[in-house]
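Numbering (my numbering), first residue to last: 82 to 566.
In structure tokens:
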């Protein structure tokens, strides 16, 4: 479960403001269990503002924290919570910076950008990792733009998200946004103007950036699958493997999908290929499928998409792979390789090269010591091979699954009983046969009731017998149509 909440405007409150007042003010907040945490701005004096975060459990205040009480103005903007990792983040703005006591700079020393930079007056963003039990800041980074003269320029927060356990920050950047190496982007498309949509993916401890992009710079004209407010965002971000799509009997626009086993250096493509994702992120292919010019996205991928470096699912990003591996980028440019994806599937995963910012091989092995042992002993070639062939179905990345076997059995005790008794083979088999029409939810990420409330046309089709379930519609049509969930 992830929770994201940002203030649309500056919301002011103090250390004695009641929870009822905070709710009336509309302060950005996240709630887990019986605890709700609020973020905003404390008007310390007529000419000074400080960021403030406060926590309540069952109506009683737990703690209140300020994160920069120096003379600069700081404001609390939003909160991000990962219920799986129990990681809490706060995003703030600052009109300047220093490294003294009671400043953001105290906690950002180990961050990707350790300080405000040169100059002053420009409003920048600050991202902090917070202790949910005390509110204390545990790690942090500044996020800013830079002028040609080296002075800091404005970069405002717009949205937050997770990719796995990594933090995704979206912002509006003025001249000039920075790359992962903290350098200014240097190739602007004149068709795009300031401020620029900016996205940076950061490690959980905020010490490094694994990906940074800005629309209008270095060839980027739209963000890829991991998101971006106001950009071409892959709606939902949930994964449904082709082998499951085939059992539903549809993919993308409702066409049947013929599956045929294709294994590349130990990676079963059927296990990782997400038909809905492929069509949603490749509109030209979706158009061809809809027109009957090609049977499915899967067929297109095997015939052309693999060589073109089109990602088969959300855990591969061609641009990221080439940017992180200059030797592979050179080989592709020279024609020695057809794509970075070809290299990754054939060699890269065994060389512990990461396919995208969404999958970190080292973190996967660290989180799964049994897999690390198997890789070390040669039983499995790589972290990614296990992830692709087994990890998803084992629920090791359950926060991205459209159907989660573990979730389904845990939340449907009657189904777990019949599975244990051998009356049905799996929760998935039960869901396909009975559960979806009984409005049972396939995972924590997809609510059938919510989907129907958002899409009355789908509700009408189900009521009239033209569609079996909300889940069926989303898997068959909704993903490719970009429908909200």
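Ideal Cβ placement from N, Cα and C applies to all residues, glycine included.
Exercise. Which of the three DSSP states, helix, strand or coil, is assigned to residue 452?
Worked result: As a first step, residue 452 must be located in the chain shown, where it is residue number 371. Reduced to three states, the DSSP call for residue 452 is helix.
Problem set entry | Alpha carbon of residue 192 to alpha carbon of residue 223, nearest angstrom | By one-based count along the chain shown, residue 192 stands at place 111. By one-based count along the chain shown, residue 223 stands at place 142. Residue 192 and residue 223: Cα-Cα distance of roughly 7 Å.
Exercise. In terms of alpha-carbon separation, which member of 290, 259 and 288 lies closest to residue 277?
Worked result: On the chain shown, residue 277 is found 196 positions in, with the first residue counted as 1. Here the closest residue by C-alpha is 259.
Exercise. Quick one: what's got a C-beta closer than 8 Å to residue 186's C-beta in the same chain, skipping five residues either side?
Worked result: The count along the chain shown starts at 1 and reaches residue 186 at position 105. Answer for residue 186: 178, 179, 180, 195, 196 and 197, listed in chain order.
Exercise. Which residue or residues does DSSP assign as beta-bridge partners of residue 243?
Worked result: Walking along the chain shown from the start, residue 243 turns up at place 162. Partner(s): 248.
Problem set entry | Sequence-distant residues of its chain with Cβ nearer than 7 Å to residue 309 (five each side left out) | Position 228 of the chain shown, counting from 1, holds the residue named residue 309. Here the model assigns residue 309 a pLDDT of 29, short of 50, so the residue's position is not dependable, and the following value carries that caveat. 251, 278 and 280, listed in sequence order.
Exercise. Taking the alpha-carbon positions, what's the residue 443 to residue 163 distance?
Worked result: The residue labelled residue 443 in the question sits at position 362 within the chain shown. The residue labelled residue 163 in the question sits at position 82 within the chain shown. So the alpha carbons of these two residues sit roughly 20 Å apart.
Exercise. Considering only the beta carbon of each residue, do residue 216 and residue 136 sit closer than 8 Å?
Worked result: Translated into the one-based positions of the chain shown, residue 216 becomes position 135. Translated into the one-based positions of the chain shown, residue 136 becomes position 55. For residue 216 and residue 136, yes; Cβs fall inside 8 Å.
Exercise. Nearest-angstrom Cα distance between residue 305 and residue 403?
Worked result: In the chain shown, residue 305 corresponds to position 224, counting from 1. In the chain shown, residue 403 corresponds to position 322, counting from 1. For residue 305, the pLDDT reaches just 44, beneath the cut-off of 50, and the residue's location in the model is therefore unreliable, leaving the point undetermined.
Problem set entry | Buried/exposed call for residue 466, threshold 16 Cβ in 10 Å | Translated into positions along the chain shown, residue 466 becomes position 385. Looking at its Cβ environment, which holds 16 or more other Cβ atoms inside 10 Å, residue 466 is buried.
For this session: Using alpha carbons as the reference points, say which of 387, 150, 347 and 426 lies closest to residue 461.
Result: Against the chain shown, residue 461 aligns to sequence position 380. If we check each option's Cα against that of residue 461, 347 comes out closest.
Exercise. Between residue 530 and residue 551, what straight-line distance do the alpha-carbon atoms span, to the nearest angstrom?
Worked result: Taking the first residue of the chain shown as 1, we reach residue 530 at position 449. Taking the first residue of the chain shown as 1, we reach residue 551 at position 470. Rounded to the nearest angstrom, the two C-alpha atoms are 8 Å apart.
For this session: Write down the C-beta distance between residue 242 and residue 85 rounded to the nearest angstrom, noting that I regard them as a contact closer than 8 Å.
Result: The residue you call residue 242 lines up with position 161 of the chain shown. The residue you call residue 85 lines up with position 4 of the chain shown. Confirmed, about 7 Å.
Exercise. Where do the ends of the beta strand (DSSP E) carrying residue 133 lie?
Worked result: For the purposes of this step, residue 133 is identified with residue 52 of the chain shown, where counting begins at 1. First-last of the beta strand (DSSP E) with residue 133: 129-138.
Exercise. With a Cβ-Cβ cutoff of 8 Å, do residue 147 and residue 123 count as a contact?
Worked result: In the chain shown, the residue the question calls residue 147 occupies position 66. In the chain shown, the residue the question calls residue 123 occupies position 42. Going by C-beta atoms, residue 147 is nearer than 8 Å to residue 123.
Exercise. Which residues mark the beginning and the end of the beta strand (DSSP E) in which residue 552 is found?
Worked result: Position 471 of the chain shown holds residue 552. It is not in any beta strand (DSSP E) - residue 552 instead sits in the alpha helix (DSSP H) that spans 551-554.
Exercise. Roughly how many angstroms lie between the CA atoms of residue 518 and residue 528, to the nearest whole one?
Worked result: In the chain shown, the residue the question calls residue 518 occupies position 437. In the chain shown, the residue the question calls residue 528 occupies position 447. Here the alpha carbons of residue 528 and residue 518 stand approximately 13 Å from one another.
For this session: For my contact list, residue 399 and residue 415 are in at a C-beta cut-off of 8 Å; report their separation, rounded to the angstrom.
Result: Stepping through the chain shown from its first residue, residue 399 is reached at position 318. Stepping through the chain shown from its first residue, residue 415 is reached at position 334. 17 Å between Cβ atoms; not a contact.
Exercise. Cβ atoms of residue 256 and residue 295: under 8 Å apart, would you say?
Worked result: As a first step, residue 295 is located in the chain shown; it is residue number 214 there, counting from the start. As a first step, residue 256 is located in the chain shown; it is residue number 175 there, counting from the start. For residue 295 and residue 256, no; Cβs fall outside 8 Å.
Exercise. Nearest to residue 445 by alpha carbon, out of 236, 468, 424 and 437?
Worked result: Stepping through the chain shown from its first residue, residue 445 is reached at position 364. When each option's Cα is compared against that of residue 445, the closest is 468.
Problem set entry | Assumed close pair residue 168, residue 246 - CB separation to whole angstroms, cut-off 8 Å | In the chain shown, the residue the question calls residue 168 occupies position 87. In the chain shown, the residue the question calls residue 246 occupies position 165. Contact holds; Cβ gap of about 7 Å.
Problem set entry | Within 8 Å, strictly: CB atoms of residue 133 and residue 152 | The count along the chain shown starts at 1 and reaches residue 133 at position 52. The count along the chain shown starts at 1 and reaches residue 152 at position 71. Inclusion of residue 133 and residue 152 in the CB contact set at 8 Å is not warranted, their separation being larger than that value.
Problem set entry | Continuous beta strand (DSSP E) assignments of at least 3 residues falling wholly in the stretch 346-374 | none
Problem set entry | When 566, 457 and 382 are compared against residue 537, the one with the closest alpha-carbon | Sequence index remark: in the chain shown, residue 537 carries index 456 (1-based). The shortest Cα separation from residue 537 among 566, 457 and 382 belongs to 566.
For this session: Give the single residue among 368, 384, 370 and 410 whose Cα lies nearest to the Cα of residue 350.
Result: Numbered from 1 along the chain shown, position 269 holds the residue referred to as residue 350. The candidate whose alpha carbon is nearest that of residue 350 is 384.
For this session: In the DSSP assignment, find the beta strand (DSSP E) that holds residue 146 and state where it starts and stops.
Result: Sequence index remark: in the chain shown, residue 146 carries index 65 (1-based). That run of the beta strand (DSSP E) goes 141-147.
Exercise. In chain order, what residues of the same chain lie with their CB nearer than 6 Å to the CB of residue 201, ignoring the 5 residues before and after it?
Worked result: Taking the chain shown and counting its residues from 1, the one referred to as residue 201 is at position 120. Cβ contact annotation for residue 201 (same chain, cutoff 6 Å, sequence separation greater than five): 177, in chain order.
For this session: Taking residue 141 as the reference, give the member of 129, 99 and 155 with the closest Cα.
Result: Translated into positions along the chain shown, residue 141 becomes position 60. For the residues 129, 99 and 155, the minimum Cα distance to residue 141 belongs to 99.
Exercise. So what's residue 419 in DSSP terms, helix, strand or just coil?
Worked result: The residue labelled residue 419 in the question sits at position 338 within the chain shown. DSSP places residue 419 in coil when its eight states are reduced to three.
Exercise. How would you write the range of the beta strand (DSSP E) that residue 278 sits in, first residue to last?
Worked result: Counted from its first residue, the chain shown places residue 278 at position 197. Segment 277-283, the beta strand (DSSP E) holding residue 278.
For this session: Please go through the same chain and pick out, in chain order, the residues whose beta-carbon is closer than 6 Å to the beta-carbon of residue 238, but skip the five residues on each side of it.
Result: As a position in the chain shown, residue 238 is number 157, starting the count at 1. If we look at residue 238 and ignore the five residues flanking it on each side, its Cβ neighbours are 158, 172, 206 and 252.
For this session: With a cut-off of 8 Å on the beta carbons, I'd call residue 463 and residue 433 a contact; round off their distance for me.
Result: Start at 1 with the first residue of the chain shown, and residue 463 comes out as number 382. Start at 1 with the first residue of the chain shown, and residue 433 comes out as number 352. With 8 Å as the limit, residue 463 and residue 433 qualify as a contact, their Cβ atoms being about 7 Å apart.
For this session: Whole angstroms is fine: what's the gap from residue 263's alpha carbon to residue 293's?
Result: Within the chain shown, the letter at position 182 stands for residue 263. Within the chain shown, the letter at position 212 stands for residue 293. The straight-line gap from Cα to Cα measures roughly 10 Å.
Problem set entry | residue 573 versus residue 371: straight-line alpha-carbon distance, rounded | Within the shown structure, residues of the chain are numbered from 82 to 566, placing residue 573 beyond reach of any answer.
Exercise. Which whole-angstrom value is the C-beta distance of residue 211 and residue 170, which I expect to be below 8 Å?
Worked result: For the purposes of this step, residue 211 is taken as residue 130 along the chain shown, with counting starting at 1. For the purposes of this step, residue 170 is taken as residue 89 along the chain shown, with counting starting at 1. Sure, about 7 Å apart at Cβ, within 8 Å.
Problem set entry | According to DSSP, residues forming a beta bridge with residue 238 | If you number the chain shown from 1, residue 238 lands on position 157. The partner list for residue 238 (beta bridge, DSSP) reads 252.
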